[in-house]
Structures are given as structure tokens and as C-alpha cells.
Amino acid sequence: MATLTVNIEDQGAELKVRALLDKLGLNYSINMDNTLYNWWEDELLVEELDRRSEDLKSGRDKGVSFAEVKQRLLSK
Numbered sequence: 118m119a120t121l122t123v124n125i126e127d128q129g130a131e132l133k134v135r136a137l138l139d140k141l142g143l144n145y146s147i148n149m150d151n152t153l154y155n156w157w158e159d160e161l162l163v164e165e166l167d168r169r170s171e172d173l174k175s176g177r178d179k180g181v182s183f184a185e186v187k188q189r190l191l192s193k
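All residue numbers for the sequence shown refer to the numbering used here, where the first residue is 118 and numbers rise by one.
What follows is the structure, given as C-alpha cells:
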């Protein structure tokens, strides 16, 4: 299972998103506690993103090309 967080402040947009999820037949839950996660204030996350970015820039991590991602998705 994957988790997707979407902050929607417009009630009309929320209804459209729910309708789309229903149309796609996806299971979902809605958390109404209205707490926001400011990822840019999470030092551990920012450090991890910086490390991964440097690994890609330096060549330590070769990454994955778009063609590879597309091929993997189409082969499923």
C-alpha cells in the first residue's frame, strides 16, 4: 500500500478528488485532523535528500533513466 498526502483547502476540489478516486476504484481514507507536515523543516529528511542529490551528481548513484522506468511500467 502507498500513502499519498494531499492538502486541499477548497471544498469543491475535495469533492472532485474524491469522485476521481471513486471512479478509479481506489480505496482511500481521509484524515481530517488538519495537521500539516512541513517537510523542509524536517532536518533528517532534508539531510537525506541532500545526500541523495549529491550521490546522483557525483555519479555514486547512477539513478534510473526515464526509458528504464517506462519499460518497467509497461512490462507489468
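Don't be surprised by glycine CBs; every beta carbon is placed ideally from N, CA and C.
Exercise. What is the rounded straight-line gap between the Cα of LEU161 and the Cα of ASP172?
Worked result: 16 angstroms
Exercise. Per DSSP, what kind of secondary structure is ARG177 in: helix, strand or coil?
Worked result: coil
Exercise. Alpha helix (DSSP H) containing VAL186: first to last residue?
Worked result: 183-191
For this session: Just tell me which of ASP150, MET149, GLU164 has its CA closest to the CA of TRP156.
Result: GLU164
Problem set entry | Euclidean distance between Cα positions of LYS179 and GLN188 | 17 angstroms
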